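See below for the structure under consideration.
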Amino acid sequence: MPMITFVESDGARRDVEAENGATLMETAIRNGVRGVVAECGGACTCATCHVYVEEEWFGVTGGPSSMEEDMLDFAFDVKDTSRLSCQIRIRDELDGLVVKVPSRQG
Numbered sequence: 001m002p003m004i005t006f007v008e009s010d011g012a013r014r015d016v017e018a019e020n021g022a023t024l025m026e027t028a029i030r031n032g033v034r035g036v037v038a039e040c041g042g043a044c045t046c047a048t049c050h051v052y053v054e055e056e057w058f059g060v061t062g063g064p065s066s067m068e069e070d071m072l073d074f075a076f077d078v079k080d081t082s083r084l085s086c087q088i089r090i091r092d093e094l095d096g097l098v099v100k101v102p103s104r105q106g
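Residues 1 to 106 in UniProt numbering are what the sequence shown spells out, letter by letter.
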């Protein structure tokens with residue numbers, strides 16, 4: 001199982017095992033990561049699962065789809081490496097992934 005590190009807005013690091021095929025958002029919710037709200041449950045119709053992918057991992061996760069980009073317009077403090085965690089599927093290549101949770105959600 002891939003290991004994912006969530007860095008919460010206060011700097012606390014949460015290293016969690018993620019299940020292949022699950023989304024990053026589902027992984028955050030299952031593990032009680034603070035700051036990932038996920039109001040729409042993963043349907044890509046809100047921006048409350050916004051995270052910042054560490055730059056060195058952005059090429060591995062890939063960029064957002066056009067639908068995801070539209071939703072990121074509603075996110076707080078969007079950066080070049082912003083993604084909606086509901087749109088990132090866990091796979092072995094993401095072992096070691098580090099994402100930061102913003103101080104608030106959109």
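Here a beta-carbon is modelled for each residue, glycine too, at the ideal position from N, C-alpha and C.
Everything numeric in this text was worked out from a predicted model, so none of it was measured.
*Report the partner residues of residue 108 according to the DSSP bridge assignment.*
Missing from the structure shown is residue 108; the chain here goes from 1 to 106 and no further.
*Could you name the residues of the same chain whose beta carbon sits closer than 7 Å to that of Phe-58, not counting the 5 residues immediately before and after it, in chain order?*
Here residue 58 corresponds to residue number 58 of the sequence shown, with the count starting at 1. Thr-81, listed in sequence order.
*Beta carbon of Ile-29, beta carbon of Ala-18: below 7 Å?*
Taking the first residue of the sequence shown as 1, we reach residue 29 at position 29. Taking the first residue of the sequence shown as 1, we reach residue 18 at position 18. Result no, Cβ atoms of Ile-29 and Ala-18 do not sit closer than 7 Å.
*Is Tyr-52 near the ligand FAD, in the sense that its beta carbon is under 6 Å from a heavy atom of that ligand?*
Only the bare structure without any ligand can be found here, which leaves the ligand FAD out of the picture.
_Nearest neighbour of Val-16, chosen from Gly-35, Val-51 and Gly-96 [CA to CA]_ = Numbered from its first residue, the sequence shown carries residue 16 at position 16. When only C-alpha atoms are compared, the closest one is Gly-96.
*If Gly-11 and Met-25 are in contact, beta carbons under 8 Å, what's the gap, nearest whole angstrom?*
Counting from 1 along the sequence shown, the entry for residue 11 is found at position 11. Counting from 1 along the sequence shown, the entry for residue 25 is found at position 25. With a Cβ gap of about 21 Å, Gly-11 and Met-25 do not count as contacting.
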